[in-house]
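Visitor: Counting with the numbering used here, you get residues 13 to 429 for the letters of the sequence shown. We put the CB at the ideal spot given by N, CA and C, even for glycine.
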Amino acid sequence: MLRLIQLRWIAVIGQIGTIVVVMFCFDIALPLPQMLMVLACLIAFNIGSHLRWHERTEVSNNELFLALLVDVGGLTAQLYLSGGTANPFAFLFLLQVILSAVLLEAWSTWTIVAITSACLAGLSLFAVPLHLPADHGNGLTSLYVDGMLLCFAMIAALLVFFVTRINLNLRVGDAQLADLRQRAAEEDHIVRMGLLASGAAHELGTPLATLSVILGDWRRMPEFSTNQELLEEISEMQTQLQRCKSIVSGILLSAGEARGESSAKTTISTFLNDLAKEWGATRPVVSFAYENQIEQDMPVVFDSALKQMICNVLDNALEASPQWVSLQASRQWDALILQVSDTGPGFVPAMLNQIGKPYQSTKGHPGSGLGLFFVVNVARKLGGVVSARNRSEGGAEVRLTLPLAAISLEEEIDDVS
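Now the structure itself:
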């Protein structure tokens with residue numbers, strides 16, 4: 013529709029210029045008041061089309077069909093007032109036909125073909141005569157031949173320009189549709205993963221509870237209670253078992269199968285400080301460098317999915333670099349920036365272009381690559397982005413950028429109200 017509006021403005025300016033040249037340069041009489049009235053109607057319609065397009069950019073086939081009919085009607089009226097088929101600009105009907113073939117559905121295009129054919133036939137019978145000198149055989153010195161060549165050049169230039177732009181719009185639309193289909197497939201994959209995780213969590217609940225009871229009984233048995241080394245090992249097993257039970261509870265909580273709220277009201281610094289403390293205490297990392305550069309704290313709402321997303325990135329870094337992992341948090345304008353760095357081998361070049369795709373990993377075992385896939389999709393749901401690069405000093409860096417509007421407490425309150 014925007015292309016048609018632009019084309020109509022060009023047509024209005026071209027008609028005004030043609031009328032001025034024909035009347036004042038070639039001294040050919042034209043019914044000026046009537047032709048100006050047609051131009052005024054086209055200008056009014058174009059202003060209305062522009063206002064409507066700004067209010068709602070979605071355009072139906074019927075609206076495009078109506079717009080082209082108005083253009084055909086305006087061209088027919090101007091040709092009727094200026095010689096009909098004797099006017100060399102009668103070939104401009106081809107422009108409307110080709111545009112309809114590009115923009116409209118099949119039935120609408122054939123209707124335009126029929127209407128323009130009928131208009132051209134009617135103009136051959138009924139039109140205000142245009143008094144041109146009978147000099148068709150004079151070549152380029154003939155007014156009719158010059159007008160016909162100008163009409164051809166104008167149609168060709170406009171078609172190349174507008175059809176190219178329209179095809180570009182169509183290709184952009186196809187690319188967006190392909191991206192939406194890819195996202196839908198990825199989200200369907202996440203749903204299936206969630207169902208499998210929920211089912212596994214249910215199944216793991218019973219054996220974990222059994223192990224917890226057995227370990228409790230072992231602590232009270234004389235064979236273990238008198239052996240300090242075995243007691244320490246049992247305590248470590250109970251700690252790890254409790255962590256497993258917490259992970260299972262978190263999965264069920266995220267799936268809506270446990271009581272309580274999955275979202276917690278806190279502040280950015282408090283959430284990140286607690287997360288870093290918990291992660292460093294429960295992972296076998298030799299050196300964990302955590303740096304919080306957030307100067308202006310703010311209330312936010314975090315849920316288990318966001319916490320798991322950050323922990324996934326840290327776990328991936330730990331797997332690649334058990335000796336050193338770094339987490340740096342900062343705030344830039346209205347975004348939370350989290351940078352996770354390691355000193356591992358880094359990403360292979362092919363992986364950097366496939367960040368966030370499922371099963372894209374260099375770990376070499378089944379199911380790998382799902383961590384970053386989960387991270388990218390959670391960040392995208394929040395309106396954020398995930399980027400990765402290899403550090404010049406060695407290792408890799410994953411950067412999470414999350415808009416504060418998606419997690420701020422004020423935004424949450426506004427949504428509820």
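To which residues of the same chain is arginine 271 closer than 7 Å at the C-beta, ignoring the five residues directly before and after it?
Guide: Counted from its first residue, the sequence shown places residue 271 at position 259. Bear in mind that a pLDDT of 35 at arginine 271, under 50, signals an unreliable position, so the number given afterwards is only what the model happens to contain. Closer than 7 Å at Cβ, skipping near neighbours: no residue.
Visitor: Straight-line CA distance for isoleucine 259 to alanine 317?
Guide: In the sequence shown, residue 259 corresponds to position 247, counting from 1. In the sequence shown, residue 317 corresponds to position 305, counting from 1. Near 12 Å, if we compare the C-alpha coordinates of alanine 317 and isoleucine 259.
Visitor: Can you tell me where the alpha helix (DSSP H) holding glutamate 303 begins and where it ends?
Guide: Mapped onto the sequence shown, residue 303 falls at position 291. Glutamate 303 -> not in any alpha helix (DSSP H); beta strand (DSSP E) instead, spanning 299-304.
Visitor: Could you check how far apart the C-beta atoms of leucine 220 and isoleucine 246 are, in whole angstroms? I think they sit under 8 Å.
Guide: Within the sequence shown, the letter at position 208 stands for residue 220. Within the sequence shown, the letter at position 234 stands for residue 246. About 16 Å; that fails the 8 Å criterion.
Visitor: When you compare each of Gly395, Asp327 and Ala400 to alanine 293 by their alpha carbons, which one comes out closest?
Guide: In the sequence shown, counting from the first residue as 1, residue 293 sits at position 281. Considering only alpha carbons, the answer is Asp327.
Visitor: Can you tell me where the beta strand (DSSP E) with leucine 350 in it begins and where it stops?
Guide: Numbered from its first residue, the sequence shown carries residue 350 at position 338. It spans 347-354 - the beta strand (DSSP E) in which leucine 350 sits, taken as one unbroken run.
Visitor: For valine 297 versus valine 337, is the C-beta spacing smaller than 7 Å?
Guide: Here residue 297 is taken as the residue at index 285 of the sequence shown, counted from 1. Here residue 337 is taken as the residue at index 325 of the sequence shown, counted from 1. Yes, the Cβ-Cβ distance between valine 297 and valine 337 is below 7 Å.
Visitor: Spell out a yes or no on whether the region 108-126 and the region 37-51 are touching, meaning 3 or more CB-CB pairs, one atom from each, closer than 8 Å.
Guide: Result no; under three Cβ-Cβ pairs closer than 8 Å.
Visitor: List the endpoints of the continuous beta strand (DSSP E) containing arginine 20.
Guide: Here residue 20 refers to the residue found at position 8 when the sequence shown is read from its first residue. That residue, arginine 20, is in no beta strand (DSSP E); its alpha helix (DSSP H) goes 14-36.
Visitor: In this structure, what does DSSP give as the bridge partners for alanine 408?
Guide: To locate residue 408, count along the sequence shown from 1; it is residue 396. Bridge partners of alanine 408: Asn402.
Visitor: So, valine 398 versus alanine 391, is the Cβ gap smaller than 7 Å?
Guide: To locate residue 398, count along the sequence shown from 1; it is residue 386. To locate residue 391, count along the sequence shown from 1; it is residue 379. In this structure, alanine 391 lies closer than 7 Å to valine 398 by Cβ.
Visitor: What are the boundary residues of the beta strand (DSSP E) that includes alanine 113?
Guide: If you number the sequence shown from 1, residue 113 lands on position 101. Per DSSP, alanine 113 belongs to no beta strand (DSSP E); it is in the alpha helix (DSSP H), 105-115.
Visitor: Hey, out of Thr69, Ala418, Gln305 and Leu93, whose CA is closest to histidine 143's CA?
Guide: Along the sequence shown, read from residue 1 onward, the residue named residue 143 stands at position 131. The shortest Cα separation from histidine 143 among Thr69, Ala418, Gln305 and Leu93 belongs to Leu93.
Visitor: Are the Cβ atoms of leucine 284 and alanine 212 separated by less than 7 Å?
Guide: The residue you call residue 284 lines up with position 272 of the sequence shown. The residue you call residue 212 lines up with position 200 of the sequence shown. No, they are not a contact pair.
Visitor: Taking isoleucine 31 as the reference, give the member of Arg68, Arg255, Trp65 and Phe101 with the closest Cα.
Guide: Stepping through the sequence shown from its first residue, residue 31 is reached at position 19. Of Arg68, Arg255, Trp65 and Phe101, the residue nearest in Cα terms is Phe101.
Visitor: Just to confirm the assignment, what range does the alpha helix (DSSP H) spanning glutamine 320 have?
Guide: Locating residue 320 in the sequence shown gives position 308, where the first residue counts as 1. That run of the alpha helix (DSSP H) goes 316-332.
Visitor: Determine which residues share a DSSP beta bridge with valine 397 and list them.
Guide: Mapped onto the sequence shown, residue 397 falls at position 385. Valine 397 is bridged to Thr413.
Visitor: To which residues does DSSP link alanine 276 through a beta bridge?
Guide: The count along the sequence shown starts at 1 and reaches residue 276 at position 264. Beta-bridge pairing links alanine 276 to Phe314.
Visitor: Measuring straight from C-alpha to C-alpha, what distance separates glycine 396 and valine 313?
Guide: For the purposes of this step, residue 396 is taken as residue 384 along the sequence shown, with counting starting at 1. For the purposes of this step, residue 313 is taken as residue 301 along the sequence shown, with counting starting at 1. The alpha-carbon atoms of glycine 396 and valine 313 are separated by roughly 16 Å.
Visitor: Judging by CA-CA distance, which residue of Arg401, Asp309 and Ser404 is the nearest neighbour of serine 420?
Guide: Within the sequence shown, residue 420 is the residue found at index 408, counting from 1. Residue Asp309 is the option with its Cα nearest to serine 420.
Visitor: Just to confirm my understanding: we take proline 378, look at its own chain, exclude 5 residues before and 5 after, and list those with CB closer than 7 Å. What are they?
Guide: In the sequence shown, counting from the first residue as 1, residue 378 sits at position 366. Since pLDDT at proline 378 reaches only 46, below the 50 mark, its modelled position is unreliable, and the value read off the structure follows with that caveat. The answer is none, since no qualifying residue turns up.
Visitor: For valine 71 versus methionine 13, is the C-beta spacing smaller than 7 Å?
Guide: In the sequence shown, counting from the first residue as 1, residue 71 sits at position 59. In the sequence shown, counting from the first residue as 1, residue 13 sits at position 1. For valine 71 and methionine 13, yes; Cβs fall inside 7 Å.
Visitor: Ignore the nearest five residues each way along the sequence and tell me which others in valine 410's own chain have a CB closer than 6 Å to its CB.
Guide: Stepping through the sequence shown from its first residue, residue 410 is reached at position 398. Around valine 410: Val325, Val352 and Ala400.
Visitor: Out of curiosity, what's the CA-to-CA distance linking glutamine 188 and leucine 182?
Guide: What you label residue 188 is simply residue 176 of the sequence shown in a count that begins at 1. What you label residue 182 is simply residue 170 of the sequence shown in a count that begins at 1. Each residue's alpha carbon lies about 10 Å from the other.
Visitor: Just mark serine 404 as buried or exposed, buried being the case when its beta carbon has 16 or more other beta carbons within 10 Å.
Guide: As a first step, residue 404 is located in the sequence shown; it is residue number 392 there, counting from the start. So serine 404 counts as exposed.
Visitor: Whose CA, out of Ala165, Gly95, Thr88 and Ala169, lies closest to the CA of alanine 130?
Guide: For the purposes of this step, residue 130 is taken as the residue at position 118 of the sequence shown. If we check each option's Cα against that of alanine 130, Thr88 comes out closest.
Visitor: Run the proximity test for leucine 394: is its beta-carbon closer than 6 Å to any non-hydrogen atom belonging to the ligand MG?
Guide: With respect to small molecules bound, the structure shown includes none, and the ligand MG cannot be examined in it.
Visitor: What first and last residue would you give for the beta strand (DSSP E) that runs through arginine 68?
Guide: By one-based count along the sequence shown, residue 68 stands at place 56. Per DSSP, arginine 68 belongs to no beta strand (DSSP E) and is neither H nor E.
Visitor: Would you mind working out which of Leu107, Thr251 and Leu253 sits nearest leucine 81, comparing C-alpha positions?
Guide: Within the sequence shown, residue 81 is the residue found at index 69, counting from 1. It is Leu107 whose Cα lies nearest to the Cα of leucine 81.
Visitor: Is valine 337 helix, strand or coil when you go by DSSP?
Guide: Along the sequence shown, one-based indexing puts residue 337 at 325. Strand at valine 337.
Visitor: Alpha carbon to alpha carbon, how far is arginine 195 from arginine 255? Give it in angstroms, no decimals.
Guide: The residue labelled residue 255 in the question sits at position 243 within the sequence shown. The residue labelled residue 195 in the question sits at position 183 within the sequence shown. Roughly 33 Å separates the two Cα atoms.
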